[in-house]
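Input: a single structure, listed below in structure tokens.
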Amino acid sequence: IPELKARNYQVRTLGERLAVNTVIQGTAADVMKLAMVRCHRALHDQGLKTRLILTIHDELLFEGPPDETDASVELIRREMAAPWEHEPPLDVDVGVGANWLEAK
12 IPELKARNYQ VRTLGERLAV NTVIQGTAAD VMKLAMVRCH RALHDQGLKT RLILTIHDEL
72 LFEGPPDETD ASVELIRREM AAPWEHEPPL DVDVGVGANW LEAK
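For the sequence shown, the numbering used here assigns the number 12 to the initial residue and increments by one for each residue that follows.
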């Protein structure tokens, strides 16, 4: 991050904020990608037709048949709460609806 070496105080502090935020955002992105892969594999392994169709920042949007809702929600919550073995598990909110607005 070249701003860290700037002589100008404002530019240098920008670099410091970027340095801290890069680690946080990078880790969050890694967690999200692990959760996506785990959800995809688990849904496939269970023979469910529910599929991941979209990511929006820190949200995943799935689409599936209504008769799979309960099983899919349980599976997705479990896989997203622990993308790897660690304590405590991540807090996961799940919404269900006929469209994205209703699910929020």
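Think of the CB as a built atom: it goes at the ideal place given N, C-alpha and C, for glycine as much as any other residue.
According to DSSP, what are the bridge partners of I67? Working through the sequence shown from its first residue, we reach residue 67 at position 56. Note: I67 sits in a beta bridge opposite E70.
To which residues of the same chain is V105 closer than 8 Å at the C-beta, ignoring the five residues directly before and after it? For the purposes of this step, residue 105 is taken as residue 94 along the sequence shown, with counting starting at 1. These residues qualify, in order along the chain: V84, I87 and R88.
Just how far apart, CA to CA, sit A53 and K115? What you label residue 53 is simply residue 42 of the sequence shown in a count that begins at 1. What you label residue 115 is simply residue 104 of the sequence shown in a count that begins at 1. Spanning the two alpha carbons is a distance of roughly 23 Å.
Would the beta-carbon of P94 fall within 8 Å of that of A46? To locate residue 94, count along the sequence shown from 1; it is residue 83. To locate residue 46, count along the sequence shown from 1; it is residue 35. Yes. Within cutoff.
CA-CA distance, D41 and D69? By one-based count along the sequence shown, residue 41 stands at place 30. By one-based count along the sequence shown, residue 69 stands at place 58. Looking at the two C-alpha atoms, the distance is approximately 11 Å.
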